[in-house]
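Numbering (my numbering), first residue to last: 1 to 94. Where is the CB? At the ideal position from N, CA and C, for every residue including glycine. Note that the structure is a prediction, hence the values are computed from the model and not measured. See structure below.
Here's what the structure looks like:
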């Protein structure tokens with residue numbers, strides 16, 4: 001079983017609260033926090049956890065993002081922890 005974190009940021013809020021010139025760098029900042037914790041970027045704002053990731057580690061990762069970046073909590077429109085039981089690649093079906 002794999003766990004994932006999926007989030008959506010309100011870009012208008014992010015543009016106002018992100019401290020650097022380019023608010024798009026926020027996504028790279030998020031990646032720099034999640035990857036060392038055992039998550040890998042999948043697509044968009046979705047990160048899959050490795051084998052060692054469980055529900056508690058997902059919550060702790062979300063809290064670490066919030067504690068590390070003041071703009072994160074203000075900008076999050078939605079954030080979810082997903083439990084993925086099967087990983088099926090649909091690309092071959094296309």
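Could you say which of 25, 44 and 58 lies nearest to residue 34 if we only look at CA atoms?
-> Within the chain shown, the letter at position 34 stands for residue 34. Comparing Cα positions, the closest option is 58.
Residue range of the unbroken alpha helix (DSSP H) whose run includes residue 72 | Residue mapping note: residue 72 aligns to position 72 of the chain shown, counting from 1. First-last of the alpha helix (DSSP H) with residue 72: 70-75.
Supposed close pair residue 47, residue 5 - CB separation, criterion 8 Å = Within the chain shown, numbered from 1, the residue matching residue 47 stands at position 47. Within the chain shown, numbered from 1, the residue matching residue 5 stands at position 5. That pair is a contact at about 5 Å.
Roughly how many angstroms lie between the CA atoms of residue 61 and residue 94, to the nearest whole one?
-> Sequence index remark: in the chain shown, residue 61 carries index 61 (1-based). Sequence index remark: in the chain shown, residue 94 carries index 94 (1-based). C-alpha separation (whole angstroms): 34 Å.
Evaluate the contact criterion for the stretch 4-21 versus the stretch 71-91: three or more CB pairs, one atom per stretch, below 8 Å.
-> Between the stretch 4-21 and the stretch 71-91, the count of Cβ pairs shorter than 8 Å is three or higher; the stretches touch.
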